[in-house]
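*Asks:* Residue numbers (my numbering): 1 to 382. Here it is, the structure in full.
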Amino acid sequence: MKKLPLKVEKRLQLRKQENSLRSLGICSDMVDLSSNDYLGFSSSLAIFRQAERILQDKDVLKNGATGSRLLTGNHKLYGFAEEYLSDFHNADAALIFNSGYDANLGFFGSVPQKGDVILYDELSHASIRDGISLSKAQAYKFRHNDLQDLEEKILRLRKNEETEVYVVTEAVFSMDGDIPDLRALMELSKRLNFLLVIDEAHSTGVIGTRGKGPLQELGLEKEVFARILTFGKALGAHGAAILGSKELEQYLINFSRSFIYTTALPPHSVATIIAAYQHLNSEGAEKVEALSKNIGLFNSQVVKLGLENKFIKSTSAVHSCIIPGNEAVKKVAAKLQKQGFDVKPILSPTVPEGKERLRFCLHSYNTPQEVQSALSLLADLI
Ligand SMILES: Cc1ncc(COP(=O)(O)O)c(C=O)c1O
């Protein structure tokens, strides 16, 4: 095999020196405090069997999609799934993408135009930032959840009435687990006339009635320009959707490159999305309630053990305990793992230097004993 070019090799060496080299591990049978499978749907036999039934009932017995959705890949489960999503999430239209990464690339790479301005929260997910890097619009970050900073930047950066301003944030932040003030953000969007885009990757299935997400809980879903949902987290499946107007859907079908130039999801993936949503509709309330109880228990234990100063405040399923330094956070994670708790260290440069952390993800299926034992052990370790 050919050797790596020198500049590439150097980047790898730097990772090693900074103690942040990544490698692939094998899934463990430890107590799950790290997966995005918030409701346990990924291993639900009921969803698995229902997906099978859907494929049979709809007579879509194929292994692959055979092409892009614009060519031969738009099998009939897509229409069924998108209608279900529009109904469940009270949207005019839903368009399924192959992943959340693709959805963010496809939206930001095609919708904001040259001369427009995009403002994104400084802690926005990499897929949002990568999507923005494909856009010809000018992009600027605003301080995390800081609406005053956002307002000042909009007033300074909007050149004239033709400048469209897009603001993007997350309904639950993937690393900090906190939630922006969506009502205030919506009021600001009306006052300053900007288009709001909300990534709901970590809020769908977690927050609100049957996990419909905080926007629907607040009755604000029709007022945002676009919502990005992903199905690889609480839905336990794969794929994503952009929710918005019928015109936005039509535009994306015509211009979004990550939608057009890729093979569509195979029928069984789309059947799994439908089955997972049906399950959320019928059994979701109970699971979301169980998750919510665990979040409450986790937070009360954090206070009881005097760990509040270490954790970023969160009422979602994601809880981060800041342990600065890659070496230090890896050590604590290894000790927790040794005792059977699968908690992942998040290293810089994934998060800023000094903000390295243990990221706890809570689930409907974690037992109170698991939550309590993991936190007691953490308290002893730090
Ligand atoms: C906020 C956010 N948006 C988008 C994505 C990408 O979603 P997917 O895993 O479906 O590509 C993620 C995944 O981690 C995420 O956390």
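C-beta atoms are modelled at their ideal positions from N, C-alpha and C, and glycine is treated no differently.
1) My assumption, with CB atoms under 8 Å, is that Asp121 sits in contact with Phe97. Please give the rounded CB distance.
2) Quick check on Val270: does DSSP put it in helix, strand or coil?
3) Just how far apart, CA to CA, sit Gln17 and Thr204?
4) Report the option in Ser269, Ser174, Pro324, Ala374 whose CA atom is closest to the CA atom of Leu61.
5) Please classify Glu170 as buried or exposed, where buried requires at least 16 other C-beta atoms within 10 Å of its C-beta.
6) With three or more beta-carbon pairs closer than 8 Å as the criterion, would you say the stretch 192-211 touches the stretch 269-281?
7) Do Gly239 and Ile260 have their C-beta atoms closer together than 8 Å?
8) Considering Phe97, what are the terminal residues of the alpha helix (DSSP H) in which it resides?
9) Tell me which residue opens and which closes the beta strand (DSSP E) that Lys141 is part of.
10) Can you tell which of Ala226, Ser23, Ala317 has its C-alpha closest to the C-alpha of Ala290?
11) Could you please give me the residues that DSSP links to His319 through a beta bridge?
12) Just confirm the distance between the C-beta atoms of Phe298 and Leu362, as a whole number of angstroms; I'd bet it's less than 8 Å.
13) Do Arg359 and Ile322 have their C-beta atoms within less than 8 Å of each other?
14) Could you have a look at Leu39 and say whether DSSP puts it in helix, strand or coil?
15) What did DSSP end up calling Ala241 once you bin it into helix, strand or coil?
16) With the cut-off set at 8 Å, would you say Val31 and Ala333 are in Cβ contact?
17) Less than 8 Å separating the beta-carbons of Gly177 and His319?
18) Are Leu425 and Val172 touching if we call contact CB-CB under 8 Å?
19) With a threshold of 16 other CB atoms inside 10 Å of the CB of Lys2, please say whether the residue is buried or exposed.
20) Which two residues bound the contiguous beta strand (DSSP E) that contains Pro345?
21) Output needed for Leu243: all residues of its chain with C-beta closer than 6 Å, excluding positions within five of it in sequence on either side, in chain order.
22) Give a single yes or no on whether His125 has its beta carbon closer than 7 Å to a heavy atom of ligand 1.
23) If you follow the alpha helix (DSSP H) that Glu353 is part of, which residue opens it and which one closes it?
24) Nearest to Ile295 by CA position, among Glu286, Tyr251, Thr315, Ile26, is which residue?
25) So Asn326 packs on Ser23, CB below 8 Å; how close in whole Å?
26) Nearest-angstrom Cα distance between Ser68 and Thr262?
*Replies:* Well, looking at it:
1) Locating residue 121 in the sequence shown gives position 121, counting from the first residue. Locating residue 97 in the sequence shown gives position 97, counting from the first residue. With a Cβ gap of about 21 Å, Asp121 and Phe97 do not count as contacting.
2) Against the sequence shown, residue 270 aligns to sequence position 270. Correct three-state label for Val270: helix.
3) As a working mapping, residue 17 is identified with position 17 in the sequence shown. As a working mapping, residue 204 is identified with position 204 in the sequence shown. Straight-line Cα distance between these residues: approximately 38 Å.
4) Locating residue 61 in the sequence shown gives position 61, counting from the first residue. Cα-wise, what sits closest to Leu61 is Ser269.
5) Within the sequence shown, residue 170 is the residue found at index 170, counting from 1. Classification for Glu170: buried.
6) yes
7) By one-based count along the sequence shown, residue 239 stands at place 239. By one-based count along the sequence shown, residue 260 stands at place 260. In this structure, Ile260 does not lie closer than 8 Å to Gly239 by Cβ.
8) Counting from 1 along the sequence shown, the entry for residue 97 is found at position 97. Element bounds for Phe97: not the alpha helix (DSSP H) but the beta strand (DSSP E), 93-97.
9) In the sequence shown, residue 141 corresponds to position 141, counting from 1. Taken as a continuous stretch (DSSP letters only), the beta strand (DSSP E) holding Lys141 covers 138-142.
10) Here the question's residue 290 lines up with position 290 in the sequence shown. Ranking Ala226, Ser23, Ala317 by Cα distance to Ala290 puts Ala317 first.
11) In the sequence shown, the residue the question calls residue 319 occupies position 319. Paired residues: Phe360.
12) Against the sequence shown, residue 298 aligns to sequence position 298. Against the sequence shown, residue 362 aligns to sequence position 362. About 6 Å separates the beta carbons of Phe298 and Leu362, which is inside the 8 Å limit, making them a contact pair.
13) One-based indexing of the sequence shown puts residue 359 at position 359. One-based indexing of the sequence shown puts residue 322 at position 322. No, these two residues do not count as a Cβ contact at 8 Å.
14) By one-based count along the sequence shown, residue 39 stands at place 39. It is coil, neither helix nor strand.
15) The sequence position of residue 241 within the sequence shown is 241, counting from 1. Ala241 falls in the strand class under three-state DSSP.
16) Locating residue 31 in the sequence shown gives position 31, counting from the first residue. Locating residue 333 in the sequence shown gives position 333, counting from the first residue. No, they are not a contact pair.
17) Residue mapping note: residue 177 aligns to position 177 of the sequence shown, counting from 1. Residue mapping note: residue 319 aligns to position 319 of the sequence shown, counting from 1. Their beta carbons are under 8 Å apart, which means Gly177 touches His319 by this criterion.
18) No answer is possible for residue 425: it lies beyond the span of the chain, which begins at 1 and ends at 382.
19) What you label residue 2 is simply residue 2 of the sequence shown in a count that begins at 1. Exposed is the call here.
20) Numbered from 1 along the sequence shown, position 345 holds the residue referred to as residue 345. Start and end: 344-346.
21) In the sequence shown, residue 243 corresponds to position 243, counting from 1. Taken in chain order, the residues that qualify are His89, Ala91, Ala94, Arg227.
22) Here residue 125 refers to the residue found at position 125 of the sequence shown. For ligand 1, at least one heavy atom lies less than 7 Å from the Cβ of His125.
23) As a first step, residue 353 is located in the sequence shown; it is residue number 353 there, counting from the start. Premise fails: Glu353 is in no alpha helix (DSSP H) and is neither H nor E.
24) Sequence index remark: in the sequence shown, residue 295 carries index 295 (1-based). It is Thr315 whose Cα lies nearest to the Cα of Ile295.
25) Numbered from 1 along the sequence shown, position 326 holds the residue referred to as residue 326. Numbered from 1 along the sequence shown, position 23 holds the residue referred to as residue 23. The Cβ separation is near 14 Å, so there is no contact.
26) Walking along the sequence shown from the start, residue 68 turns up at place 68. Walking along the sequence shown from the start, residue 262 turns up at place 262. Between Ser68 and Thr262, the C-alpha separation is close to 5 Å.
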